[in-house]
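S.K.: Provided herewith is a single structure, encoded as C-alpha cells, for subsequent inquiry.
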C-alpha cells in the first residue's frame, strides 16, 4: 500500500471523528520519521474558536510533542486543502510536505494566494480525494436537511 494513502486514511479517521461531533469533517495527522507525532480534527464548534481547524490543532500538538516550533522533516496529511490561515501557519512552522485529499475551490489557500506555502515545500493533492469529498458532502447535506 502507498504510504501516503495509509497516512491519509488516518487523517480520514480524524475527519470522521469531527463528523460525529457535528464539526466540519476535516482531519489532519503530522508524521515524522514514519510515526505520527500529532493528530487532530476540526473543533471550531466544540471550542467556540474560529481558528480551531484540524491543521492548527495538529501544528500545536506536533510542536509540543517535539518541544520546538519548527516542524522540519514533517509531513502533514489533511483531508481538505488548507485555508489561507492554516497554509500560512504551515509555512511558519516550516513543514517539509503538505499532502491534502480534496481541493477547496472556495476557501482553500490557492483561491487566495498559492504562495502562502513556501515554494520549497512539497505539496501533493488528490490522495483519497473521493472519500474526503464524500464525507464533506454528506455532512453538509445532513446540515441542510436539519434546517
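Numbering (the numbering used here), first residue to last: 996 to 1142.
We put the CB at the ideal spot given by N, CA and C, even for glycine.
To the nearest angstrom, how far is it from the Cα of residue 1123 to the Cα of residue 1003?
M.R.: What you label residue 1123 is simply residue 128 of the chain shown in a count that begins at 1. What you label residue 1003 is simply residue 8 of the chain shown in a count that begins at 1. Taking the straight line from one Cα to the other gives about 7 Å.
S.K.: Three-state secondary structure (DSSP) at residue 1074?
M.R.: As a first step, residue 1074 must be located in the chain shown, where it is residue number 79. Looking at residue 1074 - three-state DSSP - the assignment turns out to be strand.
S.K.: At what residue ranges does the segment 1073-1106 contain a whole run of the alpha helix (DSSP H), taking only runs of 4 or more?
M.R.: Taking only runs of at least 4 residues, the alpha helix (DSSP H) segments lying wholly in the segment 1073-1106 are 1079-1088.
S.K.: Residue 1052: which of 1070, 1033, 1111 and 1142 sits nearest, CA to CA?
M.R.: In the chain shown, the residue the question calls residue 1052 occupies position 57. Ranking the options by Cα distance to residue 1052, first place goes to 1033.
S.K.: Taking only the alpha-carbon atoms, compute the straight-line gap between residue 1005 and residue 1022 and give it to the nearest angstrom.
M.R.: Along the chain shown, read from residue 1 onward, the residue named residue 1005 stands at position 10. Along the chain shown, read from residue 1 onward, the residue named residue 1022 stands at position 27. Whole-angstrom Cα-Cα distance: 8 Å.
S.K.: Count the other CB atoms, across all protein chains shown, that sit within 10 Å of the CB of residue 1109; report buried if there are 16 or more and exposed otherwise.
M.R.: Here the question's residue 1109 lines up with position 114 in the chain shown. Residue 1109 should be labelled exposed.
S.K.: Just how far apart, CA to CA, sit residue 1045 and residue 1028?
M.R.: If you number the chain shown from 1, residue 1045 lands on position 50. If you number the chain shown from 1, residue 1028 lands on position 33. Rounded to the nearest angstrom, the two C-alpha atoms are 31 Å apart.
S.K.: What did DSSP end up calling residue 1047 once you bin it into helix, strand or coil?
M.R.: Taking the first residue of the chain shown as position 1, residue 1047 is located at position 52. Looking at residue 1047 - three-state DSSP - the assignment turns out to be coil, as it is neither helix nor strand.
S.K.: Use the C-beta contact count for residue 998: other C-beta atoms within 10 angstroms, 16 or more gives buried, fewer gives exposed.
M.R.: One-based indexing of the chain shown puts residue 998 at position 3. The residue is exposed, with fewer than 16 neighbouring Cβ atoms inside 10 Å.
S.K.: Taking the alpha carbon of residue 1069 as the point to measure from, which residue in 1114, 1026, 1014 and 1142 has its own alpha carbon closest?
M.R.: As a first step, residue 1069 is located in the chain shown; it is residue number 74 there, counting from the start. The shortest Cα separation from residue 1069 among 1114, 1026, 1014 and 1142 belongs to 1026.
S.K.: With a threshold of 16 other CB atoms inside 10 Å of the CB of residue 1018, please say whether the residue is buried or exposed.
M.R.: Taking the first residue of the chain shown as position 1, residue 1018 is located at position 23. Counting Cβ neighbours within 10 Å, residue 1018 comes out buried, since at least 16 surround it.
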